[in-house]
Structure formats: C-alpha cells, structure tokens
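Colleague: I am attaching a structure below and will ask some questions about it afterwards.
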Amino acid sequence: MTFTLYNDVLDAECYKVRLLAALLGLSPRIAAVEAHPGAGHRAADFLALNPAGTLPVAAAGDLVLSGAPAILVWMAAAHDVTDRWYPRDPGPMAQVQAWLETASALAATAGALRREALLEHPAPSGAAQSAEALLRRMELHLLLQGMGGRGWLVGTHPTVADIACFADVALAPDAGIALDPYPALHAWTLRLRALPDFLEMPGIAPLHALVDPLTGHR
Amino acid sequence: MSRDHAVNDWYPVADTVRPGARATRLLDTDLQVAWDGAAAAVTDAAGTAHPVQIRYGHVWTCLGAAPRALFEISEAEEPGRRLVPCGRVRVRCSPLRAVENFLDIAHFPFVHKGILGAEPQTEVFPYAVKIREEVDEVWATQVRFHQPQAAKSAGGATEIRYEYRVPHPMAAVLYKTCPPRPEAWDVIAIFVQPVSETECIAWPWMALYDDESSHAEMVQFQQEIFVQDRSILENQLPVRLPLDPRMEIPTRADLTSIAYRRWLKRRGATYGAMTEAQ
Ligand SMILES: [Fe+2]
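The listed protein sequences correspond, in order, to chains A and L.
With full-length UniProt numbering, the residue at position 168 of the first sequence is 168, and numbering never jumps.
With full-length UniProt numbering, the residue at position 101 of the second sequence is 101, and numbering never jumps.
What follows is the structure, given as structure tokens:
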C-alpha cells in the first residue's frame, strides 16, 4: 500500500520519512508544501489535514499521521516483513522508543540551529550546548555498542531510531556544529550512508562524493 | 574602499510573498525592513529612511547617495509567465562566491547529480563568453549541457541550452531552454544580499512558463538545488573571492568565472573580494 507524503525539501523531519521509505523500497507520492517563503503549512487546506500545522504528514486512505516518529514507526511496522527496522521484542522496542525521544531532542536543538543558520528562524537559547550534550551521549553509546559488536543504536541491524537520529547528526555541519570530536558518531553516519538505497538529503553529500572529484579536496 | 563602490547598487532585503517586518543587515549596516503588501520602508539604526523599489518579487534598497539603475529583466512583464520568489537562504560565504557558483556549470553533474547533471555525461560543450560593453554586463552564450531533469516541467533527459548574464556584481540571470515552449526561455535569477564581505543571503527568483507544476513544486525544486550548493559554498577557501588570477590555482577553465572576476575588478566592485595576496 502506498501513501502520500506532505513534504518540504528543506525540512530534516520530512527527510527522515523519505530516507526510511527509500531504504524500505517504498515510493510515496510526494505532495510539495511550500513552507518557506509561502507558509504553505499554515494554509487552510493543510491545516484541515493537520491542525498543528507541522510537517511531515503521511496520508494512507483514512489514516493521517503527523510527525516523523509516528510515521517512521508506522512505515516499519506496516511494510517491513522482517521486523528488523521496528523490533517487536519488548526490550529493544522500548530502547527504540527512548532513541526516538533523543531524536526529537536533537531536532529541537541541532535542528533548530540549522533552521536558524539556513532560514534565520531563531533557535532557543542554549541550543548549541544542549545539542552537543546529546551528541556526546550518542558518541559514548555508539562507542560501547561498537565494543560489543553492535554497529547501531539498538542491536545489530539499523532501526527507525537510527533513521530518526541520523538526519540532524549528519546535517549538524549545516548548523555550524563540527562532527570531528565524535569519531564513533561519524563512523555510524558513514555506515548508514553505505546502506543500499540510501537517499541523500540536500546538504548531506552521498558517500562517493565526499571527495570533490574536481579538486580532490574533502 | 570596496564598500564605497558597493553602496550605490540596489540589493534585495525582503521578498513580497507575505507582509511583515524583518531585521536584517546589508553591507555591514543593520536595517529594519517593513512590507505591508503594498508599500515597503527600509530604515537604519539611526532612523534614516533609505529608498525602496519593489521589483521581481522583492523589496530592493540602496544605501548610497548616487544609486546606479537597477537592471531590467524584461521577461518579468511577459503575460503568461509564472513569477516564483523562492525565499531566502543564508550562506556563510562571500556574496561574490554565491554569484560565481551560480554561473559555474561544471559542478552540475557532481553537486546536482540526477537533477541538473549526471555522471558520466559531464561534458560541457564549448561556449562563448564576453563583456557586452554597451550594457556593461557579462554574458555567456551558446552553453549546451546534458541534463536528466532540467526543470520541473521537463519530462525526461534533454540537451538544454543556456545563456548566463551578470548585470550587477551580486546578481545573475540564467536563461534556459523552456521544455514546454521551445521558442521561449525560462528565466532563473539569483539576487544576493551582501550581509558582510563573508556572509550573504541568496534570494532565488524565477519567471517560468509551466502549466503543470504547482507553485510549491516549483519553489521546492529550486530550493533543493540551492541547498545542495550551500554546503559547497560554505567550505570554499579563501572565503573572499580572489580577483587576482595568481591567488587561486584554477582547478578548471571556467570561462564565465574568469570573465566575471575580471569584470568585477575593472568596475572596482571588490566588496567580498580579495584584491591582493592577504
Ligand atoms: Fe549549483
């Protein structure tokens, strides 16, 4: 079953949905919403769909879901027959839930800083310190996971938690946050980028293009 | 001094999509910009009002005493064209770098892979570049390039023809084969607001013939392309654009870029540029 994704190409939350859809081999119909400069997400037709006026929104028949975490969980639960992207064992399932909350905290800090850098929407004060605290926590967790032979936030296969956290981590340089102090985090982003059918976000270079073919520079 | 030359040009400081006020900066000067849907006002911190004009979907202002005329884009008046302001994107780079990047077609297959270019079809056919003395503008003509999806209205891959025009140190206009109307050109422009010599705000704007795409689709198509450029622009060194050819080893022979730099130097338009080894 396919669905319609109400999408803004500049928005990292929408990118999370496009990325998991690509990895699962789904091709949602894309409905462009001009959030900027036209405030299309505040227009009456969009508010009728999602009164909160937030993106992304996924519509599948009568089912209308808003927000990346809910849409990611629904896509994996409904479309991944292997149950790996959204594990059903209680322990891992709850761990995925915890990382989805971390992803939302990242969006509110690193994501907000990116919107400020790009679109001049002011970020909350203290966002940079909070974002860096989250990145340090992820770095430590991924370091420990790696020592236990687990390359992902939860277990040995990527889950919706990895997708939810990836966008704002990989786009952090857009927000002026360097990833150099976080080698385990950086290695995790490279593993994710190397997944078959990985989809680029504008601003996140694909793996093979990390070296500029014209100059040989990174 | 470089700013002394720059103050007499007009620059965009807001779009006219929605009424509102914004605080911004132009040529290191803090400004308040108000647009009520019919008229605009621009004032600085001292309360001085600066002249405004509403053109090409944007509010333009000039800080200097002797404004040079704002360039004409005659296509903006043609009936049937859809005028599409694409919002603003802030970039930590010299305003001149943003214009130069817009003129550079060699990066299409790498930076805009699958949209404006594709490997291995990376060939740029020979084209002509000149400074049209009668209008004092840089023009690149007879540009031909293979593109997988040149515009929202292009069904599939095509060979696209381009002409580039630089009518202002911080603005460039691209004329491009219009897929649904072979006799007309699509117009895509970039208007750059110089915040400082090392920071700018790009305001892309388009005037297209397109009966199929929604307004949102056209805006998002352009925004996606521009954000792909942004991360490249923020990593270019030196941050300011070198005008002396000895200061940057050319990694490729980009004729338009060479002509643009020469034209800037000749004009004395050096705000955002490096004019001697620093
Ligand atoms: Fe580009």
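The beta carbon of each residue, even a glycine, is placed where N, CA and C say it ideally should be.
(1) Buried or exposed: where does A/Q129 fall if 16 or more other Cβ atoms within 10 Å of its Cβ makes it buried?
(2) Quick one: what does DSSP say A/L207 is sitting in, helix, strand or coil?
(3) How long is the line joining the alpha carbons of A/H79 and L/Q193, rounded to whole angstroms?
(4) So L/K152 packs on L/D211, CB below 8 Å; how close in whole Å?
(5) Which same chain residues, not among the five before or five after A/F166, have their C-beta less than 6 Å away from its C-beta?
(6) Counting only Cβ-Cβ distances shorter than 9 Å, please list the residues of the segment 134-149 of chain L near chain A, keeping chain order.
(7) Check the DSSP bridge columns for L/V52 and list the partner residues they point to.
(8) Counting contacts by CB-CB distance shorter than 7 Å, is A/L10 in contact with chain L?
(9) List, in chain order, every chain L residue whose beta-carbon is nearer than 8 Å to that of A/A32.
(10) How is A/T189 classed by DSSP in three states: helix, strand or coil?
(11) Identify the contact partners of A/D174 in chain L, using a Cβ-Cβ distance below 9 Å as the criterion.
(12) At what residues does the beta strand (DSSP E) containing L/M206 begin and finish?
(13) Do L/E100 and L/S257 have their C-beta atoms within less than 7 Å of each other?
(14) If I'm right that A/A39 touches A/P56 with Cβ under 8 Å, what's the distance once you round it to whole angstroms?
(15) Taking Cβ to Cβ, would you say L/Q53 is nearer than 7 Å to L/T43?
(16) Distance, Cα to Cα, L/R144 vs L/E163?
(17) Let me know if A/S66 comes out buried or exposed under the rule of 16 or more other beta-carbons within 10 Å of its beta-carbon.
(18) What is the DSSP secondary structure of A/N7, reduced to helix, strand or coil?
(19) Looking at the C-beta of A/G151, does it have a partner C-beta in chain L at a distance below 7 Å?
(20) Given that L/G156 touches chain A, what residues does it touch there, using C-beta distances under 8 Å?
(21) Near A/H157, which residues of its chain fall below 8 Å by C-beta distance, leaving aside the five closest residues on each side in sequence?
(22) Should L/G20 be flagged as near chain A, meaning a C-beta pair shorter than 7 Å?
Modeller: The relevant details are as follows:
(1) exposed
(2) Residue confidence for A/L207 is low, a pLDDT of 47 falling below 50, so the modelled location carries little weight and cannot support an answer.
(3) 46 Å
(4) Rounded, the Cβ-Cβ distance is 11 Å, inconsistent with contact.
(5) L192
(6) none
(7) L/T61
(8) yes
(9) S214, A216, E217, V219, Q220
(10) helix
(11) V227, R230, S231, E234
(12) 199-208
(13) yes
(14) Their Cβ separation, rounded to whole angstroms, is 16 Å, which puts A/A39 and A/P56 out of contact at 8 Å.
(15) no
(16) 9 Å
(17) buried
(18) strand
(19) no
(20) Result: empty, since nearest Cβ-Cβ is about 17 Å, beyond 8 Å.
(21) R84, W85
(22) no
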